[in-house]
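Chains as they are written, first to last, in this note's numbering: chain A, 729 to 1481; chain B, 615 to 694.
Here is the structure:
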């Protein structure tokens, strides 16, 4: 490989400072343009008709009356979205999720769509579409879906690697681990075994899905869209609609949150298909209700956790049996739970068995460290129970068993340098651990793990004749990457941060970039920009050499300036980047740096959290008193943003732990598709979330960067569960720990004496 | 060398937890696996990652595999 991604421990001038964010003014003044903020001449309003049934055969769809309404320009059903992917299963699933094909698989599944001249006309047309449904039995609970005789969600599904003749809702069963757990449990002095459940939650991004689609009669199209990955959206839309990838230009808007929910297409192919049929631009903006019913929340789960330990605190065996529902289409969410469940610990005998199960709910999407928070809830709750059983401090118990460099991870490989022990040591010494607790108050802590990955990345640096710098990246800025990437360019080129402008380029401008997921934005584009900047510095040295008429080997680049090397050039005046840029039209034209890479070498990340709560024993209501996050960030490029990621992840975890929940009725319909009845935390629900950044460099990145955005959503469910348990003496085994659920647990325990 | 196989990938190698393969790069390793286990080919595009001495590689199939390295075939993951 030409560019070496190894960590070099170089000294920094810009990296690690807290420079002003580049998008702040636009966002607070309303100038920033989000998914719904684009318009085009002659645009139509797109709307989607959704199934009111959890599971139903679609016997017919009659659009004839709707088509006759004045102002209706196009109506589409699955007949307008034929299979263009030759039955490729994962893409066909996405297509079927965009528009039901013969069967509605969940409440909110799209069955038809309309484009009309205004919203009123579009609504009228939706009402005029007649769908003849035959209601089928449904199942929305993961345990019920695994029972013999449960309604089958997808008749083609067979358990991967299992019986090829048996219809089932179990799409796959994954196993991870090593050692012999039977022998390990036989060695244990104490064995704790518990079952846990977590309910389904939505990412809760404030900006609903929105796009403006335009397809012309020549087959070329444009899409403006709120997305975490416009290159992925381009590829998926082009494949699903039979378009050439090069003829579909996708531009990503500012994004009002994604957290995994905007990693693949939902209604964008529908908008493009409507536009193609109407030969007019179509703007499609989902309502909040549609976001809840028709896009991808995370899984609900059910799990059994078993831990055996010696009286001295060493764990001898650990087992997790995890059942995750994927919605109506197969996914890998249970598998991810299985990979992450035991990753914090150094265990001689460990096993995770993970089931991915179909139910009549929306297709599950990633949600920030997908699947890890639920497994951590079960594992970290059980860890506390084991610590109590052997009368050991829960932090010391975890430290004794924590993974370290050289530990074989429960998911397979051996760890390099990792930070779990450092986070636990920091928790042990954190001032919050000494804060006094009052009546009905309790303290809990928990650990969490998440991966990080890189992927295909492409970046360009262009230097203007005034010495300012444009950085073009293809990774959508979901968490401040334009700031961190500008800092990296400034660091490498040796110019002030304020002279660098970073933009997210559209799909016609750069080569493919993978989606911003897996905490990869700053990791991967940062790597590409380092190499692109070094590429540009090579050109800057060449231009200085040309100016001085000396060999390029005799030009040194230091702090943004070219210096001639050797005494023979003592009469030559150093040339700054600005000097060289000003003369660039006469030394060879524009100066640029470019890089394409697959940014492998990602490092894993760990966090440990402390939570203090007060529980009202009369109402079951929980108030978070204090909350502290400790996480290994690798090198923190912009500490403000890193702290913001820690706080945001913890806040989402707090909402998940205490309130957020998809509530389904017996009819399989979602009962709370709105923020009034689905309660995410607001500022008044939260204390200031304290943060501690640890910097254990990732050896696989030149700056030591690790992903930081996801890990800290992993511990909160368990940290809060442990705190509530310590506050009221009742072990909570069901998330969210909402007031009715806590009250019921307290009353049940009182009744039991 | 011995290559550990985790998760569902085992189904593609007849259930083996570990297999013996000699390969100098990830590409050579994957090609040999496809030769030996034809079902493995369907997994190459989006389902496989390779960890070499603890470092996970998803896309750089040119990565050399050092002699006596720890090699683990693991599922390719998604994030949020």
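Idealized CB from N, CA, C, for every residue including glycine.
Residue from the options with nearest C-alpha to residue i
| i | options | result |
| --- | --- | --- |
| residue 745 of chain A | A/1367, A/997, A/1070 | A/1367 |
| residue 790 of chain A | A/986, A/804, A/1157 | A/804 |
| residue 978 of chain A | A/1344, A/1010, A/940 | A/940 |
| residue 1122 of chain A | A/1083, A/1451, A/1279, A/1209 | A/1451 |
| residue 1016 of chain A | A/932, A/966, A/952 | A/932 |
| residue 1030 of chain A | A/1040, A/928, A/819 | A/928 |
| residue 677 of chain B | B/648, B/637, B/652 | B/637 |
| residue 834 of chain A | A/1241, A/879, A/845, A/801 | A/879 |
| residue 1256 of chain A | A/1242, A/896, A/1067 | A/1242 |
| residue 988 of chain A | A/909, A/1010, A/1098 | A/1098 |
| residue 1444 of chain A | A/1414, A/780, A/1053 | A/1414 |
| residue 936 of chain A | A/762, A/1336, A/1337 | A/762 |
| residue 1190 of chain A | A/1231, A/1151, A/1177, A/1167 | A/1231 |
| residue 852 of chain A | A/1298, A/1268, A/800 | A/800 |
| residue 1152 of chain A | A/903, A/1337, A/912 | A/1337 |
Beta-carbon gap between residue i and residue j smaller than 7 Å
| i | j | result |
| --- | --- | --- |
| residue 1195 of chain A | residue 1309 of chain A | yes |
| residue 1172 of chain A | residue 1339 of chain A | yes |
| residue 1474 of chain A | residue 1463 of chain A | no |
| residue 1511 of chain A | residue 905 of chain A | This structure does not reach residue 1511 of chain A, given that chain A is present from 729 up to 1481, and the question cannot be answered. |
| residue 1004 of chain A | residue 953 of chain A | no |
| residue 1074 of chain A | residue 1049 of chain A | no |
| residue 1434 of chain A | residue 1349 of chain A | no |
| residue 965 of chain A | residue 1002 of chain A | no |
| residue 1358 of chain A | residue 1130 of chain A | no |
| residue 1437 of chain A | residue 1408 of chain A | no |
| residue 1425 of chain A | residue 1472 of chain A | no |
| residue 1209 of chain A | residue 1250 of chain A | yes |
| residue 1484 of chain A | residue 1343 of chain A | Since the first residue of chain A shown is 729 and the last is 1481, residue 1484 of chain A is not available in this structure. |
| residue 934 of chain A | residue 986 of chain A | no |
| residue 1265 of chain A | residue 1273 of chain A | no |
| residue 1117 of chain A | residue 1422 of chain A | no |
Contacts around residue i, its chain only, beta-carbon distance under 7 Å, and the 5 residues preceding and following it disregarded
| i | result |
| --- | --- |
| residue 786 of chain A | 828, 830, 831, 832, 839, 859, 861 |
| residue 740 of chain A | 1219 |
| residue 624 of chain B | 630, 631 |
| residue 1225 of chain A | 742, 747, 1214, 1215, 1218 |
| residue 1141 of chain A | none |
| residue 871 of chain A | 1030, 1051 |
| residue 698 of chain A | One cannot answer for residue 698 of chain A here, as it falls past the ends of chain A, which runs 729 to 1481. |
Contact set for residue i: own chain, Cβ-Cβ below 8 Å, skip 5 residues either direction
| i | result |
| --- | --- |
| residue 1022 of chain A | 776, 778, 836, 837, 838, 994, 995, 1014, 1090 |
| residue 877 of chain A | none |
| residue 1390 of chain A | 927, 928, 929, 930, 1020, 1025, 1028, 1089, 1398, 1400, 1406 |
| residue 959 of chain A | 978, 1202, 1235, 1240, 1241, 1242, 1243 |
| residue 1347 of chain A | 1467, 1471 |
| residue 735 of chain A | 1425, 1426, 1427, 1428, 1429, 1430, 1431, 1432 |
Cβ neighbours of residue i in the same chain (closer than 6 Å, five flanking residues each side left out)
| i | result |
| --- | --- |
| residue 1565 of chain A | The first residue shown for chain A is 729 and the last is 1481, placing residue 1565 of chain A beyond what the model contains. |
| residue 769 of chain A | none |
| residue 1291 of chain A | 1284, 1302 |
| residue 683 of chain B | 666, 667 |
Contact belief for residue i with residue j at Cβ below 8 Å, rounded distance in angstroms
| i | j | result |
| --- | --- | --- |
| residue 856 of chain A | residue 793 of chain A | 4 Å |
| residue 1248 of chain A | residue 1180 of chain A | 7 Å |
| residue 1086 of chain A | residue 850 of chain A | Going by Cβ atoms, the distance from residue 1086 of chain A to residue 850 of chain A rounds to 32 Å, so no, they are not a contact pair. |
| residue 673 of chain B | residue 1326 of chain A | 4 Å |
| residue 1188 of chain A | residue 1320 of chain A | 6 Å |
| residue 1093 of chain A | residue 1174 of chain A | Not quite, the Cβ-Cβ distance comes to about 25 Å (not below 8 Å), so this is no contact. |
| residue 802 of chain A | residue 843 of chain A | 4 Å |
| residue 1100 of chain A | residue 1144 of chain A | Incorrect: roughly 20 Å between the Cβ atoms, too far for contact. |
| residue 1206 of chain A | residue 845 of chain A | 34 Å between Cβ atoms; not a contact. |
| residue 1200 of chain A | residue 1233 of chain A | 4 Å |
| residue 1010 of chain A | residue 774 of chain A | 4 Å |
| residue 680 of chain B | residue 663 of chain B | The Cβ separation is near 18 Å, so there is no contact. |
heavy atom of the ligand MG below 6 Å from residue i C-beta
| i | result |
| --- | --- |
| residue 615 of chain B | Looking for the ligand MG in the displayed structure turns up nothing, as the structure carries no ligands at all. |
Exercise for review: Check each residue of the stretch 668 to 683 of chain B: if its Cβ is closer than 8 Å to any Cβ of chain A, include it; give the result in chain order.
Suggested key: 668, 669, 670, 671, 672, 673, 674, 676, 677
Exercise for review: Closer than 8 Å, Cβ to Cβ, to anything on chain B: give me those residues from the stretch 1052 to 1072 of chain A, in chain order.
Suggested key: 1060, 1063, 1064, 1066, 1067
Point to revise | Selection of the stretch 731 to 754 of chain A by Cβ proximity to chain B, strictly under 8 Å | key: none
Point to revise | Contacting positions in the stretch 630 to 644 of chain B - beta carbon closer than 8 Å to chain A | key: none
Exercise for review: Anything in the stretch 1143 to 1176 of chain A with a Cβ closer than 9 Å to a Cβ of chain B? List those residues in chain order, please.
Suggested key: 1143, 1144
Review point. Going along the chain, which residues of the stretch 1324 to 1335 of chain A sit with their C-beta nearer than 7 Å to a C-beta in chain B?
Key: 1326, 1328, 1329, 1330
Review point. When Cβ atoms are compared, which residues of the stretch 904 to 920 of chain A fall closer than 8 Å to chain B?
Key: 904
Practice item. Check each residue of the stretch 977 to 990 of chain A: if its Cβ is closer than 7 Å to any Cβ of chain B, include it; give the result in chain order. Key: 987, 988
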